[in-house]
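Okay, structure first, notes after.
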Amino acid sequence: MTKKETVYVVSDSVGETAELLVKAVATQFFGQEVDIKHFSFVENSQDINNVITVAKYNHSIIAYTIVLEELKLELDQRAHADNVIAVDLMQPLLDAFTKKFDRQPHRQPGQMRKLDEDYFKRVEAIEFAVKYDDGQEVFGLKNADIVLVGVSRTSKTPLSMYLANKQYKVANIPLIPEVPPPEELFNVPRKKCIGLMISPDKLYEIRKERLKSLGLTNSANYASLERIFDEMTSAENIMKRIGCPVIDVSNKAIEETADIILSIIQKRESLI
């Protein structure tokens, strides 16, 4: 039976990157598996001494992803002195990035895990925006970071998705004169609510194009100026009752409106 070799994976973080690369390389050697031993969250000389000692005793390779420069140099020097093969899996690419982009690395451990956490927070926020879009599931409003209110075609949904990609949980509520807003809306802290308004002429043009895309005529009440003025008046009264800031989105791109919303939210948070 072929001896199962041991590779010590060393990192000042979890060591997931090194483990994946070691496994990928191991498959190139007749499919031979390796016994991977982890030394994670290495942070001092004692940790370095421990891994060098066991690797030397077992005649093993060390594969490491250490970005803290002092620890990396210490491991390299100790490995060289004790004739232990230690392979830095990140340095060649760090050097290439430094040369190509003329920037120095941050050398902060755990950045990949932080990226993973950011990714999952973004996915969670997007799922939240979908679930609480257009007044659905209003019982969850209390869990939102931002609640958008406005009449139809004021970009509530695209704004919700854009802000979700920035990890904000956003719900939006359509304001319709014939449909009273949910009572849950008035229990949401005022600091989380943002009203969206638009000029009647701009909304008329948007709704007219919307009807055209649906194969309907402009005679529909949805796109009449009288109807639009009624909706605006009703929405304005509700926004006053909530006491939320109101943004005119008439000639603004989604990104521009989102920046204004974030500025309002962040300014309020800084005052808490």
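198 is the number that my numbering gives to position 198 of the sequence shown; each next residue is one higher, with no gaps. Glycine residues also receive a C-beta, built at the ideal position from the N, C-alpha and C atoms.
Per DSSP, cross-strand counterpart(s) of residue i
i: residue 195; result: 149, 246
i: residue 174; result: 150
i: residue 36; result: 7
i: residue 87; result: 63
i: residue 274; result: With the chain covering only 1 through 272, there is no way to say anything about residue 274.
Nearest neighbour of residue i, chosen from the options [CA to CA]
i: residue 239; options: 202, 211, 256, 188; result: 188
i: residue 246; options: 9, 66, 156; result: 156
i: residue 118; options: 93, 101, 82, 164; result: 164
i: residue 72; options: 93, 98, 44, 56; result: 44
i: residue 15; options: 42, 146, 26; result: 42
i: residue 122; options: 136, 160, 25; result: 160
i: residue 228; options: 83, 198, 244; result: 198
i: residue 47; options: 259, 20, 66; result: 66
i: residue 83; options: 259, 52, 97, 146; result: 52
i: residue 88; options: 22, 230, 29, 49; result: 22
CA-to-CA distance, residue j to residue i, given in whole angstroms
i: residue 142; j: residue 104; result: 43 Å
i: residue 158; j: residue 254; result: 7 Å
i: residue 267; j: residue 249; result: 20 Å
i: residue 33; j: residue 269; result: 52 Å
i: residue 200; j: residue 150; result: 13 Å
i: residue 154; j: residue 242; result: 18 Å
i: residue 192; j: residue 148; result: 9 Å
i: residue 206; j: residue 257; result: 17 Å
i: residue 152; j: residue 179; result: 13 Å
i: residue 4; j: residue 262; result: 55 Å
i: residue 182; j: residue 233; result: 18 Å
i: residue 138; j: residue 212; result: 31 Å
i: residue 13; j: residue 265; result: 34 Å
i: residue 92; j: residue 86; result: 14 Å
i: residue 214; j: residue 174; result: 20 Å
i: residue 120; j: residue 54; result: 37 Å
i: residue 251; j: residue 136; result: 28 Å
i: residue 94; j: residue 146; result: 39 Å
Integer Cβ distance of residue i from residue j, believed to fall under 8 Å
i: residue 62; j: residue 81; result: About 13 Å separates the two Cβ atoms, so there is no contact after all.
i: residue 208; j: residue 223; result: 5 Å
Stretch-stretch touch, CB-based, cutoff 8 Å, three pairs: the region 127-144 with the region 169-181:
With the cut-off at 8 Å, the region 127-144 and the region 169-181 touch.
Taking contact to mean at least 3 C-beta pairs separated by less than 8 Å, is the region 8-17 in contact with the region 25-44?
yes
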